[in-house]
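The structure under discussion appears below in the form of structure tokens.
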Amino acid sequence: MLSRVADSLYWMSRYMERTDSILRMLKINYASSQDSPEDFSWQPVLRIFGSLDDDAVSDLDNNGRKVLQYMVLDRDNPNSVFNMVTIARENARGVQDNITTELWKCLNEFYHVVREERLKYALQFEDPVTVLDALIKECMIYFGVTDITMFRGEGLCFMNVGKYMERAIQSADILDVKLSNLSYDLDKPTDTAYWKYLLMSISGYSLYLKRYQSGFEARNVIDQVLFNVDFPRSVLYSLNQLTRYFERLKGEQNQEGFAKVQFMIGKLRSKVQYSNVQSVSRIGLHDYLTEITTEIDDIGSTLNKYYFAYS
Amino acid sequence: MKATELFHKYPLAGNTWDEMYDEERVRSHYQNVFNSLSSIPADELSKKEELAKGLFMSQGITFTVYSSGEGIEKIFPFDIIPRIITASEWDFIERGIKQRLRALNLFLKDVYHQQFSLKDGIVPIDLIYSCPHYLREMQGVNVPHDIYVHIAGIDLIRDHDGTFYVLEDNLRTPSGVSYMIENREITKRIFPDLIPQNYVRPVTQYPNILYNNLMSLSPGQVSSPNVVLLTPGIYNSAYFEHTTLARLMGIELVEGRDLVVENHKVYMKTTAGLRQVDVIYRRVDDDFLDPLVFNPQSVLGVSGIMSAYRKGNVAIVNAVGNGVADDKAIYVYVPEMIRYYLNEEPILKNVPTYQLEKPDEREHVLKNINKMVVKKTNGSGGYGMLMGHAASEEEIDDYKKEILKAPREFIAQPVISLSNAPCYVNGKAQPRRIDLRPFALCGPNGIEIVPGGLTRVALKEGSLVVNSSQGGGSKDTWVLAK
Numbered sequence: 149m150l151s152r153v154a155d156s157l158y159w160m161s162r163y164m165e166r167t168d169s170i171l172r173m174l175k176i177n178y179a180s181s182q183d184s185p186e187d188f189s190w191q192p193v194l195r196i197f198g199s200l201d202d203d204a205v206s207d208l209d210n211n212g213r214k215v216l217q218y219m220v221l222d223r224d225n226p227n228s229v230f231n232m233v234t235i236a237r238e239n240a241r242g243v244q245d246n247i248t249t250e251l252w253k254c255l256n257e258f259y260h261v262v263r264e265e266r267l268k269y270a271l272q273f274e275d276p277v278t279v280l281d282a283l284i285k286e287c288m289i290y291f292g293v294t295d296i297t298m299f300r301g302e303g304l305c306f307m308n309v310g311k312y313m314e315r316a317i318q319s320a321d322i323l324d325v326k327l328s329n330l331s332y333d334l335d336k337p338t339d340t341a342y343w344k345y346l347l348m349s350i351s352g353y354s355l356y357l358k359r360y361q362s363g364f365e366a367r368n369v370i371d372q373v374l375f376n377v378d379f380p381r382s383v384l385y386s387l388n389q390l391t392r393y394f395e396r397l398k399g400e401q402n403q404e405g406f407a408k409v410q411f412m413i414g415k416l417r418s419k420v421q422y423s424n425v426q427s428v429s430r431i432g433l434h435d436y437l438t439e440i441t442t443e444i445d446d447i448g449s450t451l452n453k454y455y456f457a458y459s
Numbered sequence: 015m016k017a018t019e020l021f022h023k024y025p026l027a028g029n030t031w032d033e034m035y036d037e038e039r040v041r042s043h044y045q046n047v048f049n050s051l052s053s054i055p056a057d058e059l060s061k062k063e064e065l066a067k068g069l070f071m072s073q074g075i076t077f078t079v080y081s082s083g084e085g086i087e088k089i090f091p092f093d094i095i096p097r098i099i100t101a102s103e104w105d106f107i108e109r110g111i112k113q114r115l116r117a118l119n120l121f122l123k124d125v126y127h128q129q130f131s132l133k134d135g136i137v138p139i140d141l142i143y144s145c146p147h148y149l150r151e152m153q154g155v156n157v158p159h160d161i162y163v164h165i166a167g168i169d170l171i172r173d174h175d176g177t178f179y180v181l182e183d184n185l186r187t188p189s190g191v192s193y194m195i196e197n198r199e200i201t202k203r204i205f206p207d208l209i210p211q212n213y214v215r216p217v218t219q220y221p222n223i224l225y226n227n228l229m230s231l232s233p234g235q236v237s238s239p240n241v242v243l244l245t246p247g248i249y250n251s252a253y254f255e256h257t258t259l260a261r262l263m264g265i266e267l268v269e270g271r272d273l274v275v276e277n278h279k280v281y282m283k284t285t286a287g288l289r290q291v292d293v294i295y296r297r298v299d300d301d302f303l304d305p306l307v308f309n310p311q312s313v314l315g316v317s318g319i320m321s322a323y324r325k326g327n328v329a330i331v332n333a334v335g336n337g338v339a340d341d342k343a344i345y346v347y348v349p350e351m352i353r354y355y356l357n358e359e360p361i362l363k364n365v366p367t368y369q370l371e372k373p374d375e376r377e378h379v380l381k382n383i384n385k386m387v388v389k390k391t392n393g394s395g396g397y398g399m400l401m402g403h404a405a406s407e408e409e410i411d412d413y414k415k416e417i418l419k420a421p422r423e424f425i426a427q428p429v430i431s432l433s434n435a436p437c438y439v440n441g442k443a444q445p446r447r448i449d450l451r452p453f454a455l456c457g458p459n460g461i462e463i464v465p466g467g468l469t470r471v472a473l474k475e476g477s478l479v480v481n482s483s484q485g486g487g488s489k490d491t492w493v494l495a496k
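Heads up: the sequence lines are chains A and B, in that order. Counting in this note's numbering, the first sequence runs from 149 upward without gaps. Counting in this note's numbering, the second sequence runs from 15 upward without gaps.
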């Protein structure tokens, strides 16, 4: 496969994963802002996903509608849904001969959806959850079409490598946002709704109820988001999938690159696999989460060097 | 609005061939479509037009126009009423194009080798050397099977009596074939059953024929040649076509930056290292192909590709240097080439063409400029033309000055009216000017022309310019089996 094509597929997939994740995060944060406006702040969201300076962040802080406009449609926010979908589609456009027409069509249609004039109005004056749900549905179509139509080859491996790296980063980031609201104090009493919304934003609510059968407890939530291997958005699950799809790229060629990346993924995976909430609390949650995302970024750079470099 | 009103009061233009009407009577090969369309209520037709637009948009059959940093997707306008060509008309066109291409191929080989036709005075030698598309880098280079023109898109027009004329030979990187294929797919969607009812010949075999021809050009003994399509990239207005053709042929779509030349061999950069490329169907112009040999500013090409080509380590399609044969000044000599190389009379006519380099012809043209179309010999896309009958005094004076500066660069042709075909405009059928670009594929086993082509339409009322860059659109083009 052409290095350029692998690179485009990887980024297309990362941007779509990030789009999906940010949309869910926005939906839940919005719902949460309607529940308890006095303890709610948009600041962590804007800090992690936006690119604004402190003044702009505090300006936006208590204006949920404006935050949504910024996160969904703003042309100057590189992480806005508008920009991410545009980039994903631009990547797909350059590799149309390496994806199915169904997949191309789905991204192309999503691209036209985020360009609809009506969206801005709806986000401002109508029910934002309806708008976010409609966009999340486009993401789900993307994932479904990928699963059903994409050929099981090198291309899909690079897409999945990108997808699970991005997912691990997103889950770690979302957890970090929430914990920073508590100043990383796991014993700080919180409203039930607080954890419920977090879990819902990553589709982990039902699993949590079944698995932990307790009320909402910070340690259990952290356990699920980081270490639960049955939870498709947990960091460990993502790293397991990353390992699985990367191993498939093993071949006669490029043994050096393979060995390097394999080592890095293995190291990170072991680290997460052999941690638990107690050990992590000792290191400090924020540091631990930052280590994870930094190591994933390093894996990305190494992939870039050995697999994607073409120009 | 009542159904039958679609063709009601269809304004027939005088002294112009109408594809559908012979005076007041509908031509027999259009009768079936006339009946079918007349039975559809007008608002249904408008819905079908909307459906067609939606299909082009959602499938990304678009080109991007960039304004203020943001891309806007545009559709190449599509007219829903098909253009119909009878079996006997097609037979004539097919024979004519095949004959012309055989001669043009022989001419290219001749120009770049022994130059018999130049020595025999068939084509003036100074016209060759003054042509910017003549590339001395190609002199003496052998190309596989002596084929230079693998893909040709020869433009045909019809005069007032229905006679076909060749307007220009596009032998470099003719585009539009994806619209031949996609327009047919759209017609299938908007007019169910209409195609089988009319015995329309299919066009879907085009990518297979092209693929087999490309495979056959592979140099050396390679069991499965690596064939790629070289595109200038996503910012090119024909990018959709490049990606469609690559997909339909199952070959890799590459950009210049994906390729590298080492030891006179071309490689592509893959995740498993370098892989040799054997055949390149390029959609990059000669001038941008190799910055070491041609335009040094080019970032679209591949440094060193010409050396690999000249050594025969890679095949390039179409051959490099073909522009010398579709130059508008050399066009004048194509009928003579046919007589000289094939000893046959030309089947398809040339539009009478004056070379402004010749003093007597120039004088004649300048005197009668109101009845002339003046074009640049190396221009394309409808840019830089003067339509004498429509231009202002001032435009004519300016243009005359340009001509006198460099007469070699201009030719003139009497205004040929182009045939009309009914188009769906604002809820009514309206006559609009059309041309026809069939796509011919030359391989080692001969020339094949897929029955169909691109019919371009001048959508502006009264306009004679069909180029997409000048507000033209296209139609599905039917060749009937019987």
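Beta carbons: idealized from backbone N, C-alpha and C, even for Gly.
Is the number of C-beta pairs between the region 433 to 446 of chain A and the region 316 to 335 of chain A that are closer than 8 angstroms three or more? Judged by pairs of C-beta atoms under 8 angstroms, the region 433 to 446 of chain A touches the region 316 to 335 of chain A, as three or more such pairs exist.
Output, in sequence order along the chain, the residues in the region 166 to 199 of chain B whose CB is closer than 7 angstroms to any CB in chain A. Of all residues in the region 166 to 199 of chain B, none has a Cβ within less than 7 angstroms of some Cβ in chain A.
State the DSSP-derived secondary structure class of Gly-212 of chain A, mapped to helix, strand or coil. Along the first sequence, read from residue 1 onward, the residue named residue 212 of chain A stands at position 64. Correct three-state label for Gly-212 of chain A: helix.
Taking a Cβ distance cut-off of 9 angstroms, strictly less, list which residues of the region 256 to 272 of chain A are near chain B, in chain order. Contact residues of the region 256 to 272 of chain A toward chain B are Asn-256, Glu-257, Tyr-259, His-260 and Arg-263 (C-beta to C-beta distance below 9 angstroms).
Should Arg-162 of chain A go down as buried or exposed, given a rule of 16 or more other Cβ atoms within 10 Å for buried? Locating residue 162 of chain A in the first sequence gives position 14, counting from the first residue. Burial check for Arg-162 of chain A: the Cβ neighbour count within 10 Å reaches 16 or more, so the residue is buried.
Got a sec? Which residues, its chain only, sit under 6 angstroms from Phe-230 of chain A by beta carbon, not counting five neighbours each side? For this step, residue 230 of chain A is matched to residue 82 along the first sequence. Contacts found: Leu-221 and Val-262.
So the beta strand (DSSP E) Ile-330 of chain B belongs to, where does it begin and stop? Numbered from 1 along the second sequence, position 316 holds the residue referred to as residue 330 of chain B. For Ile-330 of chain B, the enclosing beta strand (DSSP E) stretches over residues 329 to 331.
Write down the C-beta distance between Leu-157 of chain A and Val-268 of chain B rounded to the nearest angstrom, noting that I regard them as a contact closer than 8 angstroms. Locating residue 157 of chain A in the first sequence gives position 9, counting from the first residue. Locating residue 268 of chain B in the second sequence gives position 254, counting from the first residue. Their Cβ separation, rounded to whole angstroms, is 15 angstroms, which puts Leu-157 of chain A and Val-268 of chain B out of contact at 8 angstroms.
Output yes if chain A places a C-beta closer than 9 angstroms to the C-beta of Asp-292 of chain B; else output no. Position 278 of the second sequence, counting from 1, holds the residue named residue 292 of chain B. Closer than 9 angstroms: no.
Could you check if Ser-81 of chain B is buried or exposed, using at least 16 other CB atoms within 10 Å of its CB as the buried criterion? Counted from its first residue, the second sequence places residue 81 of chain B at position 67. Counting of Cβ neighbours within 10 angstroms places Ser-81 of chain B among the exposed residues, the total staying below 16.
If the criterion is Cβ atoms closer than 9 angstroms, does the pair Val-425 of chain A and Leu-374 of chain A meet it? Taking the first sequence and counting its residues from 1, one reaches residue 425 of chain A at position 277. Taking the first sequence and counting its residues from 1, one reaches residue 374 of chain A at position 226. Yes. Within cutoff.
Hey, is the region 168 to 175 of chain B in contact with the region 382 to 391 of chain B, meaning 3+ C-beta pairs nearer than 8 angstroms? Taking 8 angstroms as the limit for Cβ pairs, the verdict is that the region 382 to 391 of chain B does not touch the region 168 to 175 of chain B.
Should Phe-411 of chain A go down as buried or exposed, given a rule of 16 or more other Cβ atoms within 10 Å for buried? Taking the first sequence and counting its residues from 1, the one referred to as residue 411 of chain A is at position 263. When all chains shown are included, Phe-411 of chain A counts as exposed.
What does Met-149 of chain A reach in chain B if we use C-beta pairs closer than 9 angstroms? Position 1 of the first sequence holds residue 149 of chain A. In chain order: Glu-266, Thr-284, Thr-285 and Ala-286.
Taking Cβ-Cβ distances shorter than 7 angstroms, what residues in chain B pair up with Ala-154 of chain A? As a first step, residue 154 of chain A is located in the first sequence; it is residue number 6 there, counting from the start. Within chain B, the C-beta atoms nearer than 7 angstroms to that of Ala-154 of chain A come from Thr-285, in chain order.
Considering only DSSP beta bridges, list what Thr-187 of chain B is partnered with. Within the second sequence, numbered from 1, the residue matching residue 187 of chain B stands at position 173. Residue pairing for Thr-187 of chain B: DSSP places it in no beta bridge.
Figure out for me which residue from B:Ala-339, B:Leu-432, B:Arg-203 and B:Ala-404 has the closest Cα to the Cα of Leu-149 of chain B. For this step, residue 149 of chain B is matched to residue 135 along the second sequence. If you compare the alpha carbons of B:Ala-339, B:Leu-432, B:Arg-203 and B:Ala-404 with that of Leu-149 of chain B, the shortest gap goes to B:Ala-339.
Run through DSSP, which three-state label would Asn-364 of chain B get? As a first step, residue 364 of chain B must be located in the second sequence, where it is residue number 350. Strand, per DSSP.
Proximal residues of chain A, C-beta to C-beta of Ser-72 of chain B below 8 angstroms: In the second sequence, residue 72 of chain B corresponds to position 58, counting from 1. The contacting residues are Lys-253, Asn-256, Glu-257 and His-260.
According to DSSP, residues forming a beta bridge with Pro-445 of chain B: What you label residue 445 of chain B is simply residue 431 of the second sequence in a count that begins at 1. BP columns for Pro-445 of chain B point to B:Pro-436.
Is the region 311 to 330 of chain B in contact with the region 291 to 302 of chain B, if contact means three or more CB pairs nearer than 8 angstroms? Short answer: they touch.
On the CB-based measure, 16 or more other CB atoms within 10 Å of its CB, does Glu-423 of chain B come out buried or exposed? Within the second sequence, the letter at position 409 stands for residue 423 of chain B. With 16 or more other Cβ atoms from the protein chains shown falling within 10 Å of its own Cβ, Glu-423 of chain B counts as buried.
Closer than 9 angstroms at the beta carbon, the chain B residues around Arg-396 of chain A: Position 248 of the first sequence, counted from the first residue, corresponds to residue 396 of chain A. In chain order: nothing, as chain B lies at least about 12 angstroms away.
If you reduce the DSSP assignment to three classes, tell me which class Lys-336 of chain A lands in. For the purposes of this step, residue 336 of chain A is taken as residue 188 along the first sequence, with counting starting at 1. Assigned with DSSP and collapsed to three states, Lys-336 of chain A falls in coil, not helix or strand.
Residue of B:Gln-235, B:Thr-30, B:Leu-356 and B:Ala-443 minimising C-alpha distance to Ala-56 of chain B: In the second sequence, residue 56 of chain B corresponds to position 42, counting from 1. Across the set B:Gln-235, B:Thr-30, B:Leu-356 and B:Ala-443, the C-alpha of B:Ala-443 shows the shortest separation from the C-alpha of Ala-56 of chain B.
Beta-carbon proximity check, Leu-473 of chain B vs Leu-450 of chain B, cutoff 9 angstroms: By 1-based counting over the second sequence, the position of residue 473 of chain B is 459. By 1-based counting over the second sequence, the position of residue 450 of chain B is 436. No, these two residues do not count as a Cβ contact at 9 angstroms.
Nearest-angstrom Cβ-Cβ length linking Ile-161 of chain B and Cys-456 of chain B, presumed shorter than 8 angstroms: For this step, residue 161 of chain B is matched to residue 147 along the second sequence. For this step, residue 456 of chain B is matched to residue 442 along the second sequence. Correct: roughly 5 angstroms between the Cβ atoms.
Any Cβ of chain A within less than 9 angstroms of the Cβ of Arg-271 of chain B? Reading the second sequence from its first residue, position 257 is the one you call residue 271 of chain B. Closer than 9 angstroms to the CB of Arg-271 of chain B there is at least one CB belonging to chain A.
By how many angstroms is the C-alpha of Glu-377 of chain B removed from the C-alpha of Gly-402 of chain B? Start at 1 with the first residue of the second sequence, and residue 402 of chain B comes out as number 388. Start at 1 with the first residue of the second sequence, and residue 377 of chain B comes out as number 363. Looking at the two C-alpha atoms, the distance is approximately 15 angstroms.
Residues in the region 249 to 266 of chain B with C-beta within 7 angstroms of chain A's C-beta atoms, listed in sequence order? Correct list: Thr-257, Ala-260, Arg-261 and Glu-266.
For the alpha helix (DSSP H) that Ile-289 of chain A lies in, which residues bound it at each end? Start at 1 with the first residue of the first sequence, and residue 289 of chain A comes out as number 141. DSSP places Ile-289 of chain A in the uninterrupted alpha helix (DSSP H) bounded by 276 to 297.
Classify Arg-430 of chain A: buried if its beta carbon has 16 or more other beta carbons within 10 angstroms, exposed otherwise. As a working mapping, residue 430 of chain A is identified with position 282 in the first sequence. With fewer than 16 Cβ atoms within 10 Å of its Cβ, Arg-430 of chain A is classed as exposed.
Does the Cβ of Met-288 of chain A have 16 or more other Cβ atoms within 10 Å, making it buried, or fewer, making it exposed? Here residue 288 of chain A corresponds to residue number 140 of the first sequence, with the count starting at 1. Looking at its Cβ environment, which holds fewer than 16 other Cβ atoms inside 10 Å, Met-288 of chain A is exposed.
Please give me, in chain order, every unbroken run of the beta strand (DSSP E) with length at least 3 that falls completely inside the region 133 to 184 of chain B. Fully enclosed beta strand (DSSP E) runs of no fewer than 3 residues occupy 165 to 167, 169 to 172 and 178 to 182 of the region 133 to 184 of chain B, in order along the chain.
Please decide whether Asp-435 of chain A counts as near chain B, where near means a Cβ-Cβ distance under 9 angstroms. Here the question's residue 435 of chain A lines up with position 287 in the first sequence. When Cβ-Cβ separations below 9 angstroms define contact, Asp-435 of chain A makes no contact with chain B.
Relative to the C-alpha of Glu-33 of chain B, which residue among B:Trp-492, B:Ile-98, B:Gln-484 and B:Lys-202 is closest? Here residue 33 of chain B is taken as the residue at index 19 of the second sequence, counted from 1. Comparing alpha-carbon positions, the option among B:Trp-492, B:Ile-98, B:Gln-484 and B:Lys-202 lying closest to Glu-33 of chain B turns out to be B:Ile-98.
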